[in-house]
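Q: My structure is below; once you've seen it, I'll send some questions.
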Amino acid sequence: MIKEQISQAILVSGESGAGKTESTKMLMQYLAFMGGRNNNTGERSVEQKVLESNPVLEAFGNAKTVRNNNSSRFGKFVEIQFDGRGRISGAAIRTYLLERSRVCQVSDPERNYHCFYMLCAAPPEDVEKFKVGNPRTFHYLNQSNCFELDVLDDSKEYLETKRAMDIVGINQAEQEAIFRVVAAILHLGNVEFVKGKKTDGAEPKDDKSRLHLKTAADLFMCDEKSLEDSLSKRVIVTRGDRITKSLDPATAAISRDALAKIVYSKLFDWLVQKINISIGQDPESKFLIGVLDIYGFESFKTNSFEQFCINLTNEKLQQHFNQHVFKMEQEEYKKEQIDWSYIEFVDNQDILDLVEKKPGGIIALLDEACMFPRSTHETFAEKLYQTFKDHKRFVKPKLSRTDFTICHYAGDVTYQTELFLEKNKDLVVPEHQALLNASKCSFVSSLFPPLPEETSKSSKFSSIATGFKQQLQSLLETLNATEPHYVRCIKPNNALKPGIFENNNILQQLRCGGVMEAIRISTAGFPSRKLFREFINRFSILAPEVLNGSYNDVAASKRILEKSNLSGYQFLHILHFAIIASAMLFHRLILWLTGLLPLQVGKTKVFLRAGQMAELDARRGAVLGVSAIVIQRKVRAYLSRRHFNLLRLSSIKLQAFCRGQAVRHQYARMRRAAACLNIQKHSRKFLARKAYKNLYFSSVTIQAGIRGMIARDKLLLRKQMRAVTVIQSQCRRFLASHHYLRLKKAAITTQCAWRGKLARRELRNIRMAAKETGALLEANTKLEKQVEELTWELKKMQREKELLMKEGGGTKNIAGQVPIIKEVPVIDNEFMVKLTAENEQLKALVTSLEKKIEETNKLSEERLKQASEAEMKIIELKTAMQRFYPYFMLWLEEKISDMETEDKILRQKALLSAPSRKMSPESSFASSTPLQNGNHAQLNSGPSKRFGREDSRMRRSKIELPQV
């Protein structure tokens, strides 16, 4: 491309399963590597986006077929655009004829598109979000028994596809909307229809179908009732009215499948458009390299509309190959007016006319049949039989009334016309369009933009075959504008296993692909050709005299061929003069001989047969080799001479340097010898001084250590004597204090006991007085009761007197005659006085007793308080004694043991200091040792026994204290 400044195209072809998709990936990786640029911005480059678009398109456009586990069910043409420096500047992807019918119909053992199975194998959170699960539960997937592939992990492919979507610029919200649409299609396929009970129209079969309908409506974010009506009803628009027509269950199922297919087709087109926008195209690109990956020739037991379109594509590509390799080849021979014999090849133009010709071709008849509502596949097949009954490429099968056979370049294929009309109709149902355009999901509504007003009134037919034919024509125009290169993929076996080669199968593929014919024509013609100027520029080295300007291009080319001694050229030269001089009798013989010549010289080009270009290149390489040897010889001589001169100058400089270095080394040796003598003198002096100082410091250190040890022994002895004195004084102080505390405790205990006894005696007297006071109180109570009784009788007598006086007012006459009798109260005054006096005495006695009781209570409370305080102090003393007594005894025992140890040491020193003096232990330690405080203590085992006795006495007092 860069050398010839011409855009290129690579056409990858072969039958299904031959490896076209994988070959295309490798080609794109190679082109991305060769044309890639350094990207320091952190963004994804164009080549990375182009490569990562493959997993996305494969997930939504590839499926398992009978012959291939990853068959592309669409055609793909990738345009990689380059700038003037050969760097990738943009890219575009064009797709052709997605197999939409596979969404709803899958044959066993094939599979639907990979994306459906990937979504069912997604992580649990995504499965829950999109309400999918086992693929066996969905009608669009369980028509085949193949759900899993050994070479494909759907769960990993799901994650890989999402990663590729991120790279090509599809954000998370768009990814979620994409898989929401895919899940909605699956649920839509599970909606079944039956005839309604109330109406003749269709309605969902059961609750399960209604559940899937509701789920699909939720995923589409549209109204459930509207979705049901769009599937089971049609609105017919007349001039002044709208008529709603109910569909039967079969038609409703067809409407459901049509909705699923159109939604999936729109989704796939959106993905391609999104990828193209993300990658970006370069309108200023200089060149492009196109890579075409399109379906191969297909022939199955049942061949429908898809196989018809696929095989038409292969026929068109085969015609392009024929035109490039065969027709253009021979036309160029005629144009250059060289001697050649006509080469026959198989031309498939008649097949293309059979299919594409207007009017009267198969596609034209198919479109005509689709326009009439009453047309069926039988009438379409009958029309084909009548129109092409005399065509050599069209055959009517004997055992079928609706099938037809086309003799393709790769073999005969029989097509079944049952579904040709339905699959060719690309109906835009207004109800479906309006429903999804009104979706609350912006992604779904963007897939179905509003239709024009005249289109929205009724369903409009558009031919898929015609649209596909137009796409193919556009593709061929692009290929014709480039220089094509062909990659033929060969399938080694039909078992899809490595290491197995079926010779007949491979030979048939080579023959069907036109490879054998191309080889035959290449060997019969002139495969190598060069323009005169290109030929001279490349091979003028074989005849350098042609560059002096005295030769034109033709003469220069012939001169180069003469000088090259190419085999057959001399024979060609002789034949040229023989043709001029020969008679007409030998003209045919000479022309036959020229057909066997190895090369020809035309008007503007030199034509070489197979191998001639390699022979010229070999001769050119030989001349270049000889020239290279001469150049190498001269260069080596120049390099050797320059190396010798450099060596001579270097040797002179090296000798001068070596002599100077030798003198310098000798002077250095002399200085080193003088320095050695000086160093030895100072070293010996230093070693002698160091030895003397070591001896001096050692003696001083030993003396200081001995003196320090003696001083430390004296100091230790003084400390021991001082410690003994302190221990004895502390022990005596402790014993005196302990004895004082015991006396004090005993006195307090005795006082408390005596005071308690007095208090109990006083309490007993108070209780006796209280009992006497109680008796007086009882007598006083009895007297008070008697006074109350007398008072009550006095009041009673007064009331009776009042009653008698009231009765006397009514009998005044009688009152004058009867004498008045005065009542004289009988009262014992002396007894009353006596009682009053006794009562006063009792009250005074009670008052005095109460005062005594109060004083006694106060006194007893004070004594009880004092007793409780004494008890608390006793308890605290006991607690303190119990707390500190063990520590004190331990400390005392340690001090005693230290004193005994020092005693033993002093004995040993005394024995060592006076070995001749024999003394008994009693006489040596019987005398008392004066202490600093003026006391005397015996340095024997007596103190330990004495302290032991004190200890036992203290323990005994400790046990007796709680009893007090």
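Position one of the sequence shown corresponds to residue 1 (the UniProt record's numbering), numbered consecutively onward.
Every residue, glycine too, gets a C-beta built ideally from N, C-alpha and C.
At a Cβ threshold of 8 Å, is Asn503 touching chain D?
A: The chain labelled as chain D is not found in the depicted structure, where only one protein chain is given.
Q: For Ala217, which residues from the same chain have a beta carbon less than 6 Å from its beta carbon, with the 5 sequence-adjacent residues on both sides left out?
A: Residue mapping note: residue 217 aligns to position 217 of the sequence shown, counting from 1. For Ala217, where only same-chain residues beyond five positions count, the Cβ hits under 6 Å are Glu224, Leu227.
Q: What is the DSSP secondary structure of Lys878, counted as helix, strand or coil?
A: Taking the first residue of the sequence shown as 1, we reach residue 878 at position 878. In the structure shown, Lys878 sits in a helix (DSSP, three-state: H, G or I).
Q: Less than 8 Å separating the beta-carbons of Thr414 and Pro397?
A: As a first step, residue 414 must be located in the sequence shown, where it is residue number 414. As a first step, residue 397 must be located in the sequence shown, where it is residue number 397. Cβ distance < 8 Å, so Thr414 and Pro397 count as in contact.
Q: Could you give the C-beta distance for Ala59 and Cys146, rounded to a whole number, given that I count them as a contact under 8 Å?
A: Residue numbering aside, residue 59 sits at position 59 when the sequence shown is read from its first letter. Residue numbering aside, residue 146 sits at position 146 when the sequence shown is read from its first letter. The pair is not a contact, with the Cβ atoms about 17 Å apart (cut-off 8 Å).
Q: Please state whether the Cβ-Cβ distance between Ala369 and Leu421 is less than 8 Å.
A: Stepping through the sequence shown from its first residue, residue 369 is reached at position 369. Stepping through the sequence shown from its first residue, residue 421 is reached at position 421. For Ala369 and Leu421, yes; Cβs fall inside 8 Å.
Q: State yes or no: is the C-beta of Val395 within less than 8 Å of the C-beta of Thr387?
A: What you label residue 395 is simply residue 395 of the sequence shown in a count that begins at 1. What you label residue 387 is simply residue 387 of the sequence shown in a count that begins at 1. Going by C-beta atoms, Val395 is not nearer than 8 Å to Thr387.
Q: Is Ala183 closer than 8 Å to Ser155 when the C-beta atoms are compared?
A: Position 155 of the sequence shown, counted from the first residue, corresponds to residue 155. Position 183 of the sequence shown, counted from the first residue, corresponds to residue 183. Against a cut-off of 8 Å, the Cβ pair of Ala183 and Ser155 comes out as no contact.
Q: Three-state secondary structure (DSSP) at Asn68?
A: Here residue 68 refers to the residue found at position 68 of the sequence shown. Coil at Asn68, not helix or strand.
Q: Mind checking whether His212 and Val191 have CB atoms under 8 Å apart?
A: In the sequence shown, counting from the first residue as 1, residue 212 sits at position 212. In the sequence shown, counting from the first residue as 1, residue 191 sits at position 191. Yes, the Cβ-Cβ distance between His212 and Val191 is below 8 Å.
Q: Name the two residues that bound the continuous alpha helix (DSSP H) containing Asp257.
A: As a working mapping, residue 257 is identified with position 257 in the sequence shown. Per DSSP, Asp257 belongs to the alpha helix (DSSP H) from 249–279.
Q: If Val168 and Val56 are in contact, beta carbons under 8 Å, what's the gap, nearest whole angstrom?
A: One-based indexing of the sequence shown puts residue 168 at position 168. One-based indexing of the sequence shown puts residue 56 at position 56. The Cβ separation is near 6 Å, so the contact holds.
Q: Based on the DSSP secondary-structure assignment, which residues constitute the bridge partners of Ser528?
A: Residue numbering aside, residue 528 sits at position 528 when the sequence shown is read from its first letter. Its beta-bridge partners are Leu608.
Q: Assign Lys76 to buried or exposed, taking buried as 16 or more other Cβ atoms, counted over all protein chains shown, within 10 Å of its Cβ.
A: Here the question's residue 76 lines up with position 76 in the sequence shown. Buried, because 16 or more other Cβ atoms sit within 10 Å of the Cβ of Lys76.
Q: Considering Cα atoms alone, identify which of Asn552, Glu893, Arg863, Pro249 is closest to Lys197.
A: Start at 1 with the first residue of the sequence shown, and residue 197 comes out as number 197. Measuring from the Cα of Lys197, the nearest candidate turns out to be Pro249.
Q: Taking the alpha helix (DSSP H) that Val351 belongs to, which residues open and close that run?
A: If you number the sequence shown from 1, residue 351 lands on position 351. In the sequence as presented, Val is not what sits at residue 351; that position holds Ile. Looking at the DSSP string, the run of the alpha helix (DSSP H) that includes Ile351 is 349–356.
Q: For Met872 and Gln866, what's the separation of their Cα atoms in angstroms?
A: Here residue 872 is taken as the residue at index 872 of the sequence shown, counted from 1. Here residue 866 is taken as the residue at index 866 of the sequence shown, counted from 1. Roughly 10 Å between the two C-alpha positions.
Q: Give the secondary structure of Asn62 by DSSP, where H, G and I count as helix, E and B as strand, and everything else as coil.
A: If you number the sequence shown from 1, residue 62 lands on position 62. If DSSP states are grouped into helix, strand and coil, Asn62 belongs with the strands.
Q: So, for Thr244: in the same chain, excluding its five sequence neighbours on each side, which residues have a beta-carbon less than 7 Å away from its beta-carbon?
A: Here residue 244 refers to the residue found at position 244 when the sequence shown is read from its first residue. The answer, listed in chain order, is Lys233, Val235.
Q: Of the residues His643, Glu298, Ser540, which one's Cα is nearest the Cα of Tyr409?
A: Here the question's residue 409 lines up with position 409 in the sequence shown. The option with the nearest alpha carbon to Tyr409 is Glu298.
Q: Where does Val724 sit, in a helix, a strand or coil, going by DSSP?
A: Sequence index remark: in the sequence shown, residue 724 carries index 724 (1-based). Of the three classes helix, strand and coil, the one that applies to Val724 here is helix, per DSSP.
Q: Put Ser462 into one of helix, strand or coil per three-state DSSP.
A: Counting from 1 along the sequence shown, the entry for residue 462 is found at position 462. The answer is coil: DSSP assigns Ser462 none of H, G, I, E or B.
Q: Hey, would you say Lys214 sits closer than 8 Å to Asp83, going by beta carbons?
A: The residue you call residue 214 lines up with position 214 of the sequence shown. The residue you call residue 83 lines up with position 83 of the sequence shown. Cβ distance not < 8 Å, so Lys214 and Asp83 don't count as in contact.
Q: For the beta strand (DSSP E) that Glu203 lies in, which residues bound it at each end?
A: Walking along the sequence shown from the start, residue 203 turns up at place 203. 202–204 is the extent of the beta strand (DSSP E) around Glu203.
Q: State buried or exposed for residue 965, treating a residue as buried only when at least 16 other CB atoms are found within 10 Å of its CB.
A: The requested residue 965 is not part of the displayed model; the chain covers only 1 to 964.
Q: Between the Cα of Ala276 and those of Arg94, Leu479, Ile338, spot the shortest distance and give me the residue it belongs to.
A: In the sequence shown, residue 276 corresponds to position 276, counting from 1. One detail in the question is off: residue 276 reads as Asn in this sequence, not Ala. That would be Arg94, whose Cα lies nearest to the Cα of Asn276.
Q: Where do the ends of the alpha helix (DSSP H) carrying Ser557 lie?
A: Position 557 of the sequence shown holds residue 557. It spans 553–564 - the alpha helix (DSSP H) in which Ser557 sits, taken as one unbroken run.
Q: From Leu231, Leu842, Asp166, Gly360, pick the residue whose C-alpha is nearest to that of Leu435; which is it?
A: Position 435 of the sequence shown, counted from the first residue, corresponds to residue 435. When each option's Cα is compared against that of Leu435, the closest is Leu231.
Q: Which ranges does the alpha helix (DSSP H) cover as unbroken runs of at least 4 residues, wholly within the segment 113–172, from first to last along the chain?
A: Entirely contained in the segment 113–172, the alpha helix (DSSP H) runs reaching 4 residues are, in chain order, 114–120, 124–130, 154–168.
Q: For the alpha helix (DSSP H) that Asp367 lies in, which residues bound it at each end?
A: Position 367 of the sequence shown, counted from the first residue, corresponds to residue 367. Its alpha helix (DSSP H) spans residues 362–371.
Q: As a quick exercise: from Gly467, Asp150, Asp282, Glu128, pick the residue whose alpha carbon is nearest that of Ser89.
A: By one-based count along the sequence shown, residue 89 stands at place 89. When only C-alpha atoms are compared, the closest one is Asp282.
Q: DSSP state of Gly660, grouped into three classes?
A: The residue you call residue 660 lines up with position 660 of the sequence shown. Three-state DSSP puts Gly660 in a helix.
Q: CB-CB under 8 Å to Asp367, same chain, minus the five flanking residues each way: which ones, in chain order?
A: Walking along the sequence shown from the start, residue 367 turns up at place 367. The residues are Asn424, Ser463, Ala465, Thr466.
Q: So is Pro359 buried or exposed if we call it buried at 16+ other beta carbons inside 10 Å?
A: Here residue 359 corresponds to residue number 359 of the sequence shown, with the count starting at 1. The residue in question, Pro359, is exposed, as its Cβ has fewer than 16 Cβ neighbours within 10 Å.
Q: Determine the burial state of Ala583: buried for a count of at least 16 other Cβ atoms within 10 Å of its Cβ, exposed for fewer.
A: The count along the sequence shown starts at 1 and reaches residue 583 at position 583. Residue placement at Ala583 is flagged as unreliable, the pLDDT there being 37, under the threshold of 50; a coordinate-derived value is accordingly withheld.
Q: Taking all protein chains shown into account, decide if Lys135 is buried (16 or more other Cβ within 10 angstroms of its Cβ) or exposed.
A: The count along the sequence shown starts at 1 and reaches residue 135 at position 135. Reading off the sequence shown, one finds Pro at residue 135, where the question assumed Lys. It counts as buried.
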